[in-house]
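In order, the protein sequences belong to chains V, E, Z and C. Quick note, the first sequence lines up with residues 21 to 313 if you use my numbering. Quick note, the second sequence lines up with residues 6 to 561 if you use my numbering. Quick note, the third sequence lines up with residues 157 to 672 if you use my numbering. Quick note, the fourth sequence lines up with residues 4 to 312 if you use my numbering. Beta carbons are placed, not taken as given, at the ideal position from N, Cα and C, and that holds for glycine.
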Amino acid sequence: MTAFAPSDAPRRTRSFWWRVLMQPAGAIACAIIVLLLAAAGLADLLAPHDPTRMAAGRPLTPPSLAYPMGTDELGRDVLSRIMYGARLTLRIGAIAVGISLVLGLTVGLLAAYLRGWLEALLMRSVDVLFSFTETLIALAFVAVLGPSLTNAMIAVGVAGIPFYARTAYASALSERSKPWFEGAVAAGAGPGRLLFLHLLPNVMPTMIVVATLGLSNAILAAAALSFLGLGAQPPQPEWGFMLSAGRDFFSRAPWLMLFPGLAIALTVLAFNLAGDALREAMDPRSLLREDAR
Amino acid sequence: MTVLDIRNLAVAFGATPVVHGVDLSIARGEALALVGESGSGKSITAMALMGLLPARASMTADAMELEGQDLRGLSDAALRRLRGPQMGMIFQEPMTSLTPVLTIGRQMTEALRVHFGLSGEAARARAIDMLDRVEISRPADRLRQYPHEFSGGMRQRVMIAMTMALEPRLLIADEPTTALDVTVQAQILDLMRTLVRETGTSLLLITHDMGVVAQMADRVTVMRHGRLVETEAAAPLFAAPRQDYTRILLNSVPRLDAPLRPAPQPTPPVLGFRDISRSFAGRGLLRRSEPVRALDGVTLDIARGETLALVGESGSGKSTLGRIGTRLDLEHDGRVEIDGIDITGLRGRALRKLRSRVQVVFQDPLASLDPRFTVGRTLGEPLRIHQGLAGECLRTRAADLLAQVGLPSSALGRLPHEFSGGQRQRIAIARALAVDPAVIVADEPTSALDVSVQSKVLDLMEDLQRERGLAYLFVTHDLAVVRRIAHRVAVMRRGRIVEMGPVSAVLDDARHPYTQALLAAAPVADPTRARRPPAPMPHTPDKPLSLVSDGHWVAA
Amino acid sequence: MTTLPRLRLCLAGALALGTALPAAAQDNEIVWARYGDIDTLDPHRATSTLSLQVWSLIYDTLMATDESGAPVPNLATSYEVSEDGTEYTFTLAEGVTCHDGTPLDAQDVKYTVDRAFDDAEPSVTQSSWGPVTSAEVIDPLTVKLTLGSPFVALIPFLADSFSSIICDSNAEAEGFGSSVAIGSGPWKLESWTRGDRISLAAFDDYVNHGKLSANPGRPYMDRLTIVTVPEAQARLAGLRTGEIHVAEPPLDDVSALQSGDEIDIVVAENTGQNVFWEFANRAPFDDVRLRQAVAHATDVDTALMLIYGDLSIPEQCPISRGVFGNDQEFCAQHRPQYDPERARELLAEAGYGPSNPLETNLLVWTGGKRDRLAEVFQAQLAEVGINAQIEMMDIGTMNARVRQENEREDGKASMDMMTWSWYDPDILYALWHTPGAYRGFTSPELDAMLEKTRVTSGDARDAAVRDVMAYLLENAIHVPLYTPGWEWVFAIRSEVEGFKVAPFVYPIFSDVRIGD
Amino acid sequence: MMARYLIRRLLMGVTTIFVTTIAVTLLIHLVPGDPVQIMYAQSQGTTPEQLEAIRDRLGLNDPLPLQYLSFLGRLLEGDLGQTIRGQQPVLELLLERLPNTLALAGAAMVLAVAIGLPIGFLAAYRRGSWVDSTLMIAAIAGVSVPHFWLGLVLMFVFAVNLGWLPVAGTGPANLILPAITLGLSNAAIVARMTRSSMIDVMSQDFVRTAHAKGLPKAMILNAHVMRAGLVPIVTMMGLQFTYMMGGAIVVENIFAWNGIGRLAIDAIFQRDYPLIQGFILVFATTVVIVSLLIDLAYALLDPRIRRSA
């Protein structure tokens, strides 16, 4: 008789995060992200100076104990600006990805759930948007709305929608074609239940990976816009903007370009690594490996 | 003379042993079947032999000799030279086992050139000859084609031709026919038998199917949980298995000569199909391709307490009919009736309400449960929706349902992946039962299960039917299962019913040539039964059904 | 259909790839690198300094300026004004030729004027021409302009490249403004690769009638190539390697360059450029106290020192040094000077304080480190309790935006760091006479004062201009900050001799030679 | 089947361009502010009547559908209007510079593939080894470095400080640094995608079949894995090229490369709406055409599409 054996399968949740953290990528990513969050969250406490106060030190002071990352040409402390910049950067990433994720998920889920002509309409529109490329959409948006950090966030967020919609759609479509979905239909679940209790939770893992990788993408894109002058406006300590402002001093004060660039690269790296680690941890193949034990 | 000799083989993935203490030996021209259920380690054994274990696996053996040559400790290159001319292998999935972007000709000739240094022309001639021997027409033209231009059966023929072209001493066939329809399976097995006999090649046949074993093997090795259970010549093993496990395995196999279930009392139909047709349109903006006709005017009734089996090969439309019955597919012509009431037009809320009458159980037990829903939530969902239950009441009822399918209430808080296949299928059945349905459509509910588990699930389904007067629409490809569970059977081909009637009438007195072909092709777990050459598939146009005896309809 | 020529164009573009910036400039070629390109070769279609500078090389003007910025005869050897000041009769120099070989005569002047006043497509600077009603050819070397009313600023305007004389043969030429520009200046157009380079060649038949160069005729160099190199550090690198002869350097490197001997620095004088605060003419900046508070809060000296070192100087007047009427001492008496205490008082009077800061937008146009300067001002304003939010934009956008802010009924307070360059106090009329270029502050009394500056001349005009300036400064309508404002520093390789910059930032290349 | 596939792609492309034309027409109306006012912003005292006349002449007072139709009509004649700044013909301006952008994106693409593909192969082939880890860490770092930063550093080091390469401009020697900038960061993406695509292919049943036939490893990689892996890689390259086109916009601005990207950023700053409209249209059309070409290559590579069943 098939006696029910109290399963020795590992608890999913705990082992999942364990799997993420046990990878070198996951651990490094986690460390950087914690650092970033600390810098952003505790900037008010930790930052040695006011990020916008001029003449906090002498202009263009090289990195020293008092100013670990030096000062810019207005005498502002670069470290403090980088720390406050982390706040901006994380907000940019979160808002842009939030826009992409919420709208992309809505479109993708609806298209996969509704089927028929609405599905065709939604997904063909997404295809058209997708072939516009993210850059073009973002530029068009900034062109219409005018340069500002908020507009850059919106632009980057909107530009990401097609990709998120496609991924959500593909994932939702594959889930809804699985028997368990039909099982839920047969059990009498209505559209709300099917969409929010069944489809959404099953699509989310994929979307979380996409969004994590998307964070790095959004941060990079927004920094590029700010770099071009289409995003952050002075005196916002946005990294892309700082980098752009620092290039005039390259020969005399290379640290003005070095640190913001490094900050962007590390942040982007962290979210890339985190995305990879999440994906690896969710990969059915690595799950199988786990099960084989 | 011994072609293959393995003693005390052990394979481990990391620290986890998966095969241990396995001995195998095969004599020249002998066919050895390696039998076991999933997880028994039979495929791993074969891969170890081929030297194709994944990198993370480690292997030890007291002896591992092929044609007297020690395989242990051979370099990659040396092993590679043995693969092909010394030992060839055929895999389960013909659809994916050939490289899609290369022509058949290229794939057939490359190994000939590598191992025998044949010239392009000579290799081509050999390939044509081999294709001819596996009965592929116009072989010269076929060499220029790509795998996707062949059907599954044809691809398996190509695989066999490709492997046998190298005249290996040992042919390893890993579930070579599992993915194929029974009639095709019969042809492929027949072909393999012929080729093996003609070339004197030894055969290591890996399978879970005792019917295939009975038809193919001289000797049988049974494995379980990575260990050897017993090795015995085929005839005595089937006649008098010595080990308990072997006995259970053999007894679990449904048999075509098993006793029939008594017919239920005649009652009015609960689920009726009236002239159902269904087409699948070709995709694309420029609609050029002909719509595929999956169902063509099917009319059918299922009575209370009755099991009606739908039998047919892939593409016969049997699953589509099942989906229409459960209202998962609404895009069809014709009418569907429940308790004599036409429900074809119901949508939305009315349809959801009605869903409690017809429930469904799917083939793949893992895929049929929402991976993020605990068993409690899965079972609770229909209860909440249809009976408005909540809280403790709902829990009690869910536990009750679990008890009915033989699972403890502690399972409620667990997720599907924590259960075995059989347990999952029980949960799926419990969910179907939750709303107290009149009919359950079961689409190949046991095909993905091991035979021993299949048998228990079928028992459960029978018990439930008896207790609750359930009607089953049982979709399957396996005639033996039909005999085991069904009262009536409908045989389907290309969207039509070709024969329908009581199980006894249809299986023991098949009138339609297609039914007869199916019966002939079905492997029987009895090595003493004469091996009938597969009958050529009749290609007669289907005629309307006509009554030949009491309740027995035939399209002829 | 025009498929074919476009295809050719496309190919031409592909071929253009083959022409690299020469590693070292060829003999007799001078390379001038700038941060941006011209908008058009048509002097009636753009207003950017980048464009004007190039027009001044290709075209000639009726008048020219001397070193102080005052107008002197050029193509017009002399002119007469009628009693009522509404008729100007010009006598043209003899023997002037256009680049296509046709003589430049009164007909060309009439063509230029008529074109500027074309009903369908008037010049974008049409109003600067003043109330001209007609141009009349008296004889080949005499042309008469008739005005609807007196307009003393006409003569200085005719010295500026906005009034470049366009040879009438351009009318028949295909592509005037994009690929063709027939003028009579010292350099003729060879080609313009938009966004990349303008190739000019010395015009053999050029005769200098009044421009500020010592060379009486053809430029000494054969070719002048003007390239676009947006990155300041890249321009500097090009200067160092010799790829480039003349360029605007990165401002922060100027002092280092000055101490070296490889590269010389030329700072233009009398640029006419004026950078100033102005305010949206509605609440809250309709309150004079708030405008004065901003003026008192602004420490121009410190800010300039921080950003430009000693390259820029504070300006007290609404019209800059070199322009008629400028008087630093007079203006300083009327302009609210840096006095943060006074600023706080004024703010407090108007109901603002540390707990209730004045929130305002601060519009600034991009380039020239104005963004950094604005950040300094932003910090200074914050000191007295004004929260200014900087918005950077292109000058064109800013012009439109300032007007929009003025025309709005309400909304967040708005001020901007506006910049203008003009050669005559008439700019004040354009800016502040009803309706005002930006629809900003106007008043009947100011209108009356401004009207006086258009009809008087000499000392009378000087007095009229002073009245206007005093009014603007005391009411903090036009709060001057500094001069010059943009593109006034040139770095040149030391072997380049004879480079100079005429007033209003017109570089002159006629005298340039490359020494050893 | 192949014809049908290509016709479908073509239709999709035409739809995209069609939608672009609509979007582009609407764009100018979504803009806060009055484009005509911006156009004449610098000339003092243009009278409202004159502005109105200009507005009329540009057709901005017509009903929207009419504006769209006349836009389409002019478009078919190859007329995208004139820039606000300097009134230059927009299409001519863009087509003059498009080859430069294509050259940059193309050169970067070649570089990215030349570097990324072998690295991806190698990493996949040595999956799990230190070679794989090292290469993939390098790749992920490469993906993370902002190319505007990389570009600036390259420029300052090689052109400004060392003086090995020209600092700015548009010519073959000037192409090197921007192409490296754009190529390097994309090489990392190509490497990552190649690796995962190859690993995917290597775990396929047919590779096991090839091993079971006793083919040498090199032959399996070359003939089976590479050929099968090429199909997804080519698709990926289509996507890559559009990334390159997008990335070119930033890189052009760093190196003063005279392409449409630099033009576009200037146009955005100057609020030159006709030019922005033209840019969007030309960019989208280019991307569509390139994608079509890639799809064609895809169809030729994959026998399942090339040969009718």
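{"Check": "Bridge partners for Asp448 (chain E) per DSSP, in chain order?", "Outcome": "E:Val480"}
{"Check": "What separation, rounded to the nearest whole angstrom, lies between the Cα atoms of Pro162 (chain E) and Met229 (chain C)?", "Outcome": "The question names Pro, but residue 162 (chain E) in the sequence shown is Arg. Using only the alpha carbons, I get a separation of about 26 angstroms."}
{"Check": "Measure the C-alpha to C-alpha separation of Gln364 (chain E) and Ile307 (chain E) and round it to an integer number of angstroms.", "Outcome": "14 angstroms"}
{"Check": "DSSP on Arg445 (chain Z), reduced to helix/strand/coil?", "Outcome": "helix"}
{"Check": "Return the first residue and the last residue of the beta strand (DSSP E) that Phe278 (chain E) is part of.", "Outcome": "Pro274 to Phe285"}
{"Check": "Any idea if Val160 (chain C) is buried or exposed, counting beta-carbon neighbours within 10 angstroms, 16 or more meaning buried?", "Outcome": "exposed"}
{"Check": "Work out the CA separation of Ala314 (chain E) and His492 (chain E) for me, nearest whole Å.", "Outcome": "8 angstroms"}
{"Check": "Have a look at Ile193 (chain E) and Glu154 (chain V) and give me their C-alpha separation to the nearest angstrom.", "Outcome": "53 angstroms"}
{"Check": "So for Ile292 (chain C), helix, strand or coil by DSSP?", "Outcome": "helix"}
{"Check": "Hey, could you find the ends of the beta strand (DSSP E) Glu547 (chain Z) is sitting in?", "Outcome": "Ile542 to Met549"}
{"Check": "Tell me which same chain residues have a C-beta within less than 6 angstroms of the C-beta of Ala175 (chain V), skipping the five on either side of it?", "Outcome": "Ala158, Phe161 and Val162"}
{"Check": "Against His218 (chain V), what residues of chain E qualify as contacts under a CB-to-CB distance less than 7 angstroms, listed in chain order?", "Outcome": "Asp375"}
{"Check": "Do we get a CB-CB distance below 7 angstroms when we pair Val164 (chain V) with the residues of chain C?", "Outcome": "yes"}
{"Check": "Use the C-beta contact count for Gly418 (chain E): other C-beta atoms within 10 angstroms, 16 or more gives buried, fewer gives exposed.", "Outcome": "exposed"}
{"Check": "At least one CB of chain C closer than 7 angstroms to the CB of Thr196 (chain Z): is that the case?", "Outcome": "yes"}
{"Check": "Give, in chain order, every unbroken run of the alpha helix (DSSP H) that is at least 4 residues long and sits entirely within the segment 365 to 452 of chain E.", "Outcome": "380 to 392, 396 to 409 and 426 to 439"}
{"Check": "Look up Ser355 (chain Z) in the DSSP assignment and say whether it is helix, strand or coil.", "Outcome": "strand"}
{"Check": "Where does Ser324 (chain E) fall in DSSP's three states?", "Outcome": "helix"}
{"Check": "Would you call Asp183 (chain Z) buried or exposed, if buried means 16 or more other Cβ atoms sit within 10 Å of its Cβ?", "Outcome": "exposed"}
{"Check": "Where does Glu485 (chain Z) fall in DSSP's three states?", "Outcome": "helix"}
{"Check": "Quick test of the definition: if touching needs 3 or more C-beta pairs under 8 angstroms, does the segment 395 to 408 of chain Z touch the segment 262 to 280 of chain C?", "Outcome": "no"}
{"Check": "Does the CB of Asp70 (chain V) have a neighbour CB from chain Z at under 7 angstroms?", "Outcome": "no"}
{"Check": "Pro181 (chain C) and Trp133 (chain C): beta carbons closer than 7 angstroms?", "Outcome": "no"}
{"Check": "Alpha carbon to alpha carbon, how far is Ile133 (chain E) from Thr168 (chain E)?", "Outcome": "13 angstroms"}
{"Check": "Return the chain-ordered list of same chain residues with a C-beta closer than 6 angstroms to the C-beta of Asp280 (chain E), the five sequence neighbours on each side being excluded.", "Outcome": "Gly302, Thr304 and Gly339"}
{"Check": "Determine, using beta carbons only, whether Pro199 (chain V) comes closer than 7 angstroms to chain E.", "Outcome": "yes"}
{"Check": "Quick check on Phe597 (chain Z): buried or exposed, where buried means 16 or more other Cβ atoms within 10 Å of its Cβ?", "Outcome": "buried"}
{"Check": "For a quick check, are the C-beta atoms of Trp644 (chain Z) and Ala424 (chain Z) less than 7 angstroms apart?", "Outcome": "yes"}
{"Check": "What does DSSP give as the partner residue(s) for Gly509 (chain Z) in the beta ladder?", "Outcome": "Z:Asn512"}
{"Check": "Under a three-way DSSP split, which group does His69 (chain V) fall into?", "Outcome": "coil"}
{"Check": "Can you pull the chain E neighbours of Gln207 (chain C), defined as C-beta to C-beta under 7 angstroms?", "Outcome": "Thr101"}
{"Check": "Does the beta carbon of Glu531 (chain Z) come closer than 7 angstroms to any beta carbon on chain V?", "Outcome": "yes"}
{"Check": "Less than 8 angstroms between the CB atoms is what I'm expecting for Ala45 (chain V) and Leu293 (chain V), so what's the real figure, rounded?", "Outcome": "4 angstroms"}
{"Check": "Below 9 angstroms on C-beta distance, what does Thr86 (chain C) contact in chain V?", "Outcome": "Going along chain V, no residue has its Cβ under 9 angstroms from Thr86 (chain C), so there is no contact; the nearest lies around 14 angstroms."}
{"Check": "Looking at chain C, is there any beta carbon in it that lies within less than 7 angstroms of the beta carbon of Val511 (chain E)?", "Outcome": "no"}
{"Check": "Since Arg174 (chain E) meets chain C, which of its residues come closer than 8 angstroms, beta carbon to beta carbon?", "Outcome": "Per Cβ cutoff of 8 angstroms: no residues; Arg174 (chain E) is ~13 angstroms from chain C at best."}
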